[in-house]
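Trainee:
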Amino acid sequence: MTSTDLTGQQTAAPVDTVDHAAATPGLPQPYRELGLKDDEYQRIRAILGRRPTDAELAMYSVMWSEHCSYKSSKVHLRYFGETTTEEMRAGMLAGIGENAGVVDIGDGWAVTFKVESHNHPSYVEPYQGAATGVGGIVRDILAMGARPVAVADPLRFGPADAPDTRRVLPGVVAGVGGYGNCLGLPNIGGEVVFDETYAGNPLVNALCIGSMRVEDLHLAHASGVGNKVILFGARTGLDGIGGVSVLASDSFSGDETGSGRKKLPSVQVGDPFTEKVLIECCLELFRDRLVVGIQDLGGAGLSCATSELASAGDGGMRVELDRVPLRASGMTPAEILSSESQERMCAVVRPEDVDAFLRVCAKWDVTATVIGEVTEVSEEEAARGGRLKITWHGETVVDCPPRTVAHEGPVYQRPVERPADQDELIADTTEALARPSGPEELRETVLRMISSPNLASRAWVTDQYDRYVRGNTVLAQPADSGMIRIDETTGRGVAVATDCNGRYCRLDPYTGAQLALAEAYRNVAAGGATPAAVTNCLNFGSPEDPGVMWQFEQAVRGLADGCRELGIPVTGGNVSFYNQTGSTAILPTPVVGVLGVIDDVRRRVPTGFGTEPGETLLLLGETRDEFDGSEWARVAHGHLGGVPPRVDLGRERLLAEVVIAGSRDGMLSAAHDLSEGGLAQAVVESALAGQTGCRVVLPEGADPFVWLFSESAGRMLVAVPRSEELRFTDMCRARGLPATKVGVVDPESNAVEIQGVATFGLDELRTAWEGTLPALFG
Amino acid sequence: MARVVVDVMPKQEILDPQGQAVAGALPRLGFEGVTSVRQGKHFELEVDDDVDDETLERIAETLLANPVIEDWTVRRVTVESADGSVAGAV
Amino acid sequence: MARVVVDVMPKQEILDPQGQAVAGALPRLGFEGVTSVRQGKHFELEVDDDVDDETLERIAETLLANPVIEDWTVRRVTVESADGSVAGAV
Amino acid sequence: MRVGVITFPGTLDDVDAARAVTTAGAEAVPLWHGDADLRGVDAVIVPGGFSYGDYLRCGAIARFAPVMGEVVTAARGGMPVLGICNGFQILCEAGLLPGALVRNSGLHFVCRDQWLRVENTTSAWTTRYDRGAEILVPLKSGEGRYVADEATLDRLEGEGRVAFRYVGENRNGALRDIAGITDERGRVLGLMPHPEHAIDALTGPSDDGLGMFLSLLDTVVTA
Ligand SMILES: Nc1ncnc2c1ncn2[C@@H]1O[C@H](COP(=O)(O)OP(=O)(O)O)[C@@H](O)[C@H]1O
Ligand SMILES: [Mg+2]
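Protein chains in written order, with the working numbering: chain X, 1 to 778; chain E, 1001 to 1090; chain D, 2001 to 2090; chain F, 3001 to 3223.
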């Protein structure tokens, strides 16, 4: 095999070919260093009938990793499919298994969306980790044939005042912004959550939405014998190779004196400009119908793209690896196959279209190279999922059934066990915690809550993101959901929200996942859109911990059962395990993204008060004494225990229907869902968003503490123009949705008055709410 | 008082999109013969005389460069020519 | 083949917020004695031997630096030490 | 009336600029960076974005594009040219406008709804506004801090070439709160904030930006 020093000087050593592998069955291979277990290695040998070559070993090891193969989660994720009814599937043009789910939104438009995690890379190198996280999810969406049209970024960090958070958060935010802004994708939502379990394990999830005409959907497959495989975009370099560099190290080169490659950093650097050009180039290729199949290169690089394309097609694939344009000299076949260089795509193209394809690439100054073709396979090979043959200067270095690489990785039934301390945790409720009493303490609690890191304004973050670009953003931060116009003529659009309260999930992962779903669903409805589909990003600790697997199993079941009850399908998602430090896992964090559809974005419902001269405030839903897991319990007592708020998905559905009907009939001038921080938080946010004061009058006999801070689910604060009040409350009554009058908006006032409790100047509230993050992060 | 120059460059194996963009632009502007460009950062520090080399090295490593993706060099500059160009000595 | 280094710095009279941010961060990290920091760009070009000094100067002036706000120096680098640090000569 | 909108690799706001032109009632004509051809347009918009990734310096590479040679010639001949954000940076790099745009003093990219005061109502792009009027448009840039030497700033002020100024917070630290300037003849306008994102209160903070495109119509029609 060839080994190289960092300056690219080649030291002659033969490449490990298939023939060589067959001839040297006993050669020791560093499979453990590459993360493979003994039995997994033996399985590869059994599949191939010989030892793998270095290149094959690189491919299998990265494709059989947890990240690519879902080996610990697969058995559980099946439940999503099992719980999806035909009716739910009706609007789905592509679902789980494709790069991203695709939803028919009407008027001939389809929308695709997906969230993905880039957690660990963002801890190692916050800027580049976050940037390439955005880049990766955007290419996923692009590979569906869609134009990426918006992004969102659910983020989680350690304590806001921890020194490491001061390193990680600004870098992550700058990276998300730096990449997304440069791509010209409006950032329309996300989350920023602080909790000590995320110290050392920040969660950087990135979501992208794409739109296309229904007939333009492209799926990744390499069909049509003779079709060419074209690699285009950035050159392939040594970045992101990480572990595979052991294949080039001394101990395994069989040459004790050779200068092996020192272990490379597994960090990738993003080039958003190249990606922007790649997007435009791809869209032109799609428009000109020059693409038969397409796949993005993400984690696992060419290993993934070639094996997935080949196994999804109807033939085999032959790739000449030496044709791959390189950025570094002396790269080995194994390194080329596992490089995670960003901003690359792989397409299957009819031979007669190759010239036109290359012309489009040249117009955009995008490097494009034919690296192989779709080949004919025997019936026997076809039964095994085709054949992938990769050569290096004429010698075969990979020869395998691609399905065994891409889809037939190991599947584990990991032990699942409810943690021993779960009962203790549930028993430790908030019942005994001291509550504020009297106007003075309540007043102080309001200010302390709205300025706490988890409830304070996110403007420090979101002001670094372009939310205007493309000119279709109708709702963005601060709003319950981001909403964009898809069709400029009809006004049809989509809304998206992501949510998860990891504290609730820690107390009860099943209910917690449903609460995450319920909140995202409610947030989408608050803007006036009809929830239509779900994506998720399941962030958990180590799957080798039976307690974590229990959390995972419970969360998946809760989410899937919840989706069935709400009648909206999960169209895709992503799993991120091993988010833990030592034996301490992060809070179970199944981030749920809900996509909604709105037929005309002009009827969107804003968050801020004051768009109509006279407005009545109504609280929809029921308020119970529910403080376990609440933000108040954290802020006031640093407490986590008990059971999360009750979830009633039937009620969520009704609430959404009423709000959407209100939006359709022009009965609502503002809406804001209640979640962390309860009613007080919602009132403050809506008053500040509209720069309009209000007077809150709680019902007779109400306990102001409970009414102001409880986190009961299934509630929304709405502002109703005076003229619509009767009509709207009649509708609520007729449909059985509790609606309580809790005050009036006062356009003349610069204050939020909570009668009998306190009066706050808008300036005072703004200072408290907006000051926190700038004071922490500059 | 001494002047210290720290140059920070992307590591060889790390992508340098900025350098690439410059290299790509040169031929379009009619400049031939430049085969590669890499772009990094250049810091000029004025430091008290009692700041030792080890401290400078630590400053470079912890603040000026990101060791995960960048290499750096630290030089004390002894001569400053009139046009502002510096002739360095380590 | 020759290596050319171009350093580009913000003009003295132009505010350099990046340099200031670094200077401000140093004491917080426990580094004393650095009285000023300025941040600019550092380019390393590999050029064919037939590229003359005048061309290099034009490359720096028209592309690498913006004369309205920046000063620059161009040096051909003759020695490269083992650790990758360069000792320059104009 | 035909208004050219240039697309460089990395341009982002070309669709928005074209939409604004159309909304104002003119025809938007796409211009490609690689073609040294203005296709007979009456005015040109150099839109926002990250041309060539904004690597090296914002606008530094784009200004050498073939189309820019034509723009410079046409502008010197009096054709109205509007550079927005990255376009403003490109016009400065190209020498059509004095000064430069550098990193925001806070070192962060800033996206916010920004109040501007209209200081000049005689340029090709500002006749529809009242002097001293305040308009609300998005500002979104990482390198939006306008700088020039004192003499240049004094000259700009003296000649009434400061077209727009930031009102209230000046988040990028631009000298003398300058948001936009014109050339000597008032035909070329460079502006950091984005009027093309403020043509409809549905998708922007206001429709205050439309006035710039309507002003152009007046200018060209009466010319
Ligand atoms: N990282 C982020 N990126 C973009 N937008 C964000 C981010 N974090 C929060 N936001 C936005 O800020 C607003 C407030 O966030 P949050 O309080 O989490 O909303 P909610 O409670 O309604 O889910 C929302 O519009 C949300 O989308
Ligand atoms: Mg909400």
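Don't be surprised by glycine CBs; every beta carbon is placed ideally from N, CA and C.
Are any of the Cβ atoms in chain X nearer than 9 Å to that of Asp-3130/F?
Mentor: Taking the first residue of the fourth sequence as 1, we reach residue 3130/F at position 130. No, Asp-3130/F does not count as interfacial toward chain X.
Trainee: Mapping the DSSP letters down to three states, classify Asn-187/X as helix, strand or coil.
Mentor: Numbered from 1 along the first sequence, position 187 holds the residue referred to as residue 187/X. Asn-187/X falls in the strand class under three-state DSSP.
Trainee: Which first and last residues belong to the beta strand (DSSP E) in which Trp-392/X is found?
Mentor: By one-based count along the first sequence, residue 392/X stands at place 392. First-last of the beta strand (DSSP E) with Trp-392/X: 388 to 392.
Trainee: Classify Pro-1067/E: buried if its beta carbon has 16 or more other beta carbons within 10 angstroms, exposed otherwise.
Mentor: If you number the second sequence from 1, residue 1067/E lands on position 67. Per the 10 Å Cβ criterion, exposed.
Trainee: Counting only runs that start and end within the segment 585 to 647 of chain X, where is the alpha helix (DSSP H) found for 4 or more residues in a row?
Mentor: With a minimum length of 4 residues, the continuous alpha helix (DSSP H) runs that stay inside the segment 585 to 647 of chain X are 631 to 637.
Trainee: Taking the alpha-carbon positions, what's the Ile-336/X to Gly-3025/F distance?
Mentor: Here the question's residue 336/X lines up with position 336 in the first sequence. Here the question's residue 3025/F lines up with position 25 in the fourth sequence. Their backbone Cα atoms lie some 53 Å apart in a straight line.
Trainee: Name the chain E residues whose beta carbon is nearer than 9 Å to that of Phe-3064/F?
Mentor: Stepping through the fourth sequence from its first residue, residue 3064/F is reached at position 64. Under the 9 Å cutoff, chain E gives Ala-1025, Arg-1028 and Leu-1029.
Trainee: Could you have a look at Ser-1036/E and say whether DSSP puts it in helix, strand or coil?
Mentor: As a working mapping, residue 1036/E is identified with position 36 in the second sequence. Note: Ser-1036/E maps to strand in three-state DSSP.
Trainee: Rounding to the nearest angstrom, what Cα-Cα distance links Ser-259/X and Asp-1071/E in this structure?
Mentor: Counted from its first residue, the first sequence places residue 259/X at position 259. Counted from its first residue, the second sequence places residue 1071/E at position 71. In this prediction, Ser-259/X has a pLDDT of 43, which is less than 50 and means its spatial position is unreliable; nothing more can be read from the coordinates.
Trainee: On the DSSP letters alone, give me the boundaries of the beta strand (DSSP E) that Ser-117/X sits inside.
Mentor: Position 117 of the first sequence, counting from 1, holds the residue named residue 117/X. Per DSSP, Ser-117/X belongs to the beta strand (DSSP E) from 109 to 117.
Trainee: What did DSSP end up calling Glu-352/X once you bin it into helix, strand or coil?
Mentor: Looking up residue 352/X in the first sequence gives position 352. Three-state result, Glu-352/X: helix.
Trainee: Mapping the DSSP letters down to three states, classify Leu-1045/E as helix, strand or coil.
Mentor: As a first step, residue 1045/E must be located in the second sequence, where it is residue number 45. Strand.
Trainee: Around the C-beta of Ala-3060/F, are 16 or more other C-beta atoms found within 10 angstroms, so that it is buried, or is it exposed?
Mentor: Looking up residue 3060/F in the fourth sequence gives position 60. Answer is buried; the Cβ neighbour count reaches 16.
Trainee: Any contact between the segment 3050 to 3058 of chain F and the segment 267 to 284 of chain X? By contact I mean 3 or more CB pairs, one from each, below 8 Å.
Mentor: The segment 3050 to 3058 of chain F vs the segment 267 to 284 of chain X: in contact.
Trainee: Taking the alpha-carbon positions, what's the Val-696/X to Pro-148/X distance?
Mentor: Locating residue 696/X in the first sequence gives position 696, where the first residue counts as 1. Locating residue 148/X in the first sequence gives position 148, where the first residue counts as 1. Roughly 42 Å between the two C-alpha positions.
Trainee: Check the C-beta distance from Gly-35/X over to Ser-61/X and give it rounded, since I have them as a contact under 8 Å.
Mentor: Within the first sequence, the letter at position 35 stands for residue 35/X. Within the first sequence, the letter at position 61 stands for residue 61/X. Yes, they are in contact, since the Cβ atoms of Gly-35/X and Ser-61/X sit about 6 Å apart, within 8 Å.
Trainee: Give me the subset of the segment 3004 to 3034 of chain F whose CB atoms are less than 8 Å from a CB atom of chain X, sorted by chain position.
Mentor: Against chain X - using a Cβ distance shorter than 8 Å - the residues of the segment 3004 to 3034 of chain F are Pro-3009, Gly-3010, Leu-3012, Asp-3013, Val-3015, Asp-3016 and Arg-3019.
Trainee: Give the list of continuous alpha helix (DSSP H) stretches no shorter than 4 residues that lie fully inside the segment 386 to 436 of chain X.
Mentor: Counting whole runs of 4 or more residues, the segment 386 to 436 of chain X contains the alpha helix (DSSP H) stretches 402 to 406 and 422 to 427.
Trainee: So which residues on chain E does Ile-3061/F lean against when the C-beta distance must stay under 7 Å?
Mentor: Start at 1 with the first residue of the fourth sequence, and residue 3061/F comes out as number 61. Within chain E, the residues near Ile-3061/F are Ala-1021 and Ala-1025.
Trainee: Would you call Leu-27/X buried or exposed, if buried means 16 or more other Cβ atoms sit within 10 Å of its Cβ?
Mentor: The residue given as residue 27/X occupies position 27 in the first sequence. It is exposed - the Cβ of Leu-27/X has fewer than 16 other Cβ atoms within 10 Å.
Trainee: Using a Cβ-based criterion (distance less than 8 Å to any ligand heavy atom), does Ala-21/X qualify as near ligand 3?
Mentor: Ligand 3 is not part of this structure, which contains only ligand 1 and ligand 2.
Trainee: Please classify Arg-3171/F: is it buried, with 16 or more other beta-carbons within 10 angstroms of its beta-carbon, or exposed?
Mentor: Within the fourth sequence, residue 3171/F is the residue found at index 171, counting from 1. So Arg-3171/F counts as buried.
Trainee: Just tell me which of Phe-609/X, Leu-183/X, Leu-185/X and Pro-159/X has its CA closest to the CA of Val-192/X.
Mentor: For this step, residue 192/X is matched to residue 192 along the first sequence. The option with the nearest alpha carbon to Val-192/X is Pro-159/X.
Trainee: Hey, quick one: how far does the alpha helix (DSSP H) through Ser-3141/F stretch, first residue to last?
Mentor: Within the fourth sequence, the letter at position 141 stands for residue 3141/F. That residue, Ser-3141/F, is in no alpha helix (DSSP H); its beta strand (DSSP E) goes 3134 to 3141.
Trainee: I'd like to check one pair, Leu-2026/D with Val-2037/D: are the Cβ atoms closer than 9 Å?
Mentor: Along the third sequence, read from residue 1 onward, the residue named residue 2037/D stands at position 37. Along the third sequence, read from residue 1 onward, the residue named residue 2026/D stands at position 26. Yes, they are a contact pair.
Trainee: Who are the neighbours of Gln-2018/D on chain F, taking C-beta pairs under 7 Å?
Mentor: Locating residue 2018/D in the third sequence gives position 18, where the first residue counts as 1. Here the neighbours are Arg-3103 and Leu-3107.
Trainee: For the beta strand (DSSP E) containing Pro-2017/D, name the first residue and the last one.
Mentor: By 1-based counting over the third sequence, the position of residue 2017/D is 17. Pro-2017/D -> not in any beta strand (DSSP E); alpha helix (DSSP H) instead, spanning 2017 to 2028.
Trainee: Do Leu-3082/F and Ile-3045/F have their C-beta atoms within less than 9 Å of each other?
Mentor: Along the fourth sequence, one-based indexing puts residue 3082/F at 82. Along the fourth sequence, one-based indexing puts residue 3045/F at 45. Yes. Within cutoff.
Trainee: On the CB-based measure, 16 or more other CB atoms within 10 Å of its CB, does Asn-750/X come out buried or exposed?
Mentor: The residue given as residue 750/X occupies position 750 in the first sequence. That one is exposed.
Trainee: Out of Arg-3187/F, Asp-3037/F and Gly-3142/F, which has the shortest C-alpha to C-alpha gap to Pro-3066/F?
Mentor: Counting from 1 along the fourth sequence, the entry for residue 3066/F is found at position 66. Out of Arg-3187/F, Asp-3037/F and Gly-3142/F, Asp-3037/F has the C-alpha closest to the C-alpha of Pro-3066/F.
Trainee: For Thr-511/X versus Gly-596/X, is the C-beta spacing smaller than 9 Å?
Mentor: As a working note, residue 511/X is residue 511 in the first sequence. As a working note, residue 596/X is residue 596 in the first sequence. Not closer than 9 Å, so no.
Trainee: What residues from chain F crowd round Tyr-465/X, counting only those whose CB sits closer than 7 Å?
Mentor: As a first step, residue 465/X is located in the first sequence; it is residue number 465 there, counting from the start. The contacting residues are Cys-3111.
Trainee: Does the segment 3116 to 3125 of chain F come into contact with the segment 3092 to 3108 of chain F, if we say contact requires no fewer than three beta-carbon pairs (one atom in each stretch) closer than 8 Å?
Mentor: Counting Cβ pairs under 8 Å, fewer than three are found: no touch.
Trainee: Compute the Euclidean distance between the alpha carbons of Gly-3004/F and Pro-3080/F, then round it to the nearest angstrom.
Mentor: Mapped onto the fourth sequence, residue 3004/F falls at position 4. Mapped onto the fourth sequence, residue 3080/F falls at position 80. Approximately 11 Å between the Cα atoms of the pair.
Trainee: Whole angstroms is fine: what's the gap from Ile-3018/F's alpha carbon to Ala-775/X's?
Mentor: Against the fourth sequence, residue 3018/F aligns to sequence position 18. Against the first sequence, residue 775/X aligns to sequence position 775. Reading off the sequence shown, one finds Ala at residue 3018/F, where the question assumed Ile. Computed Cα separation, rounded: 40 Å.
Trainee: Does the structure place the segment 608 to 622 of chain X close enough to the segment 490 to 510 of chain X that three or more beta carbon pairs sit under 8 Å?
Mentor: Taking 8 Å as the limit for Cβ pairs, the verdict is that the segment 608 to 622 of chain X does not touch the segment 490 to 510 of chain X.
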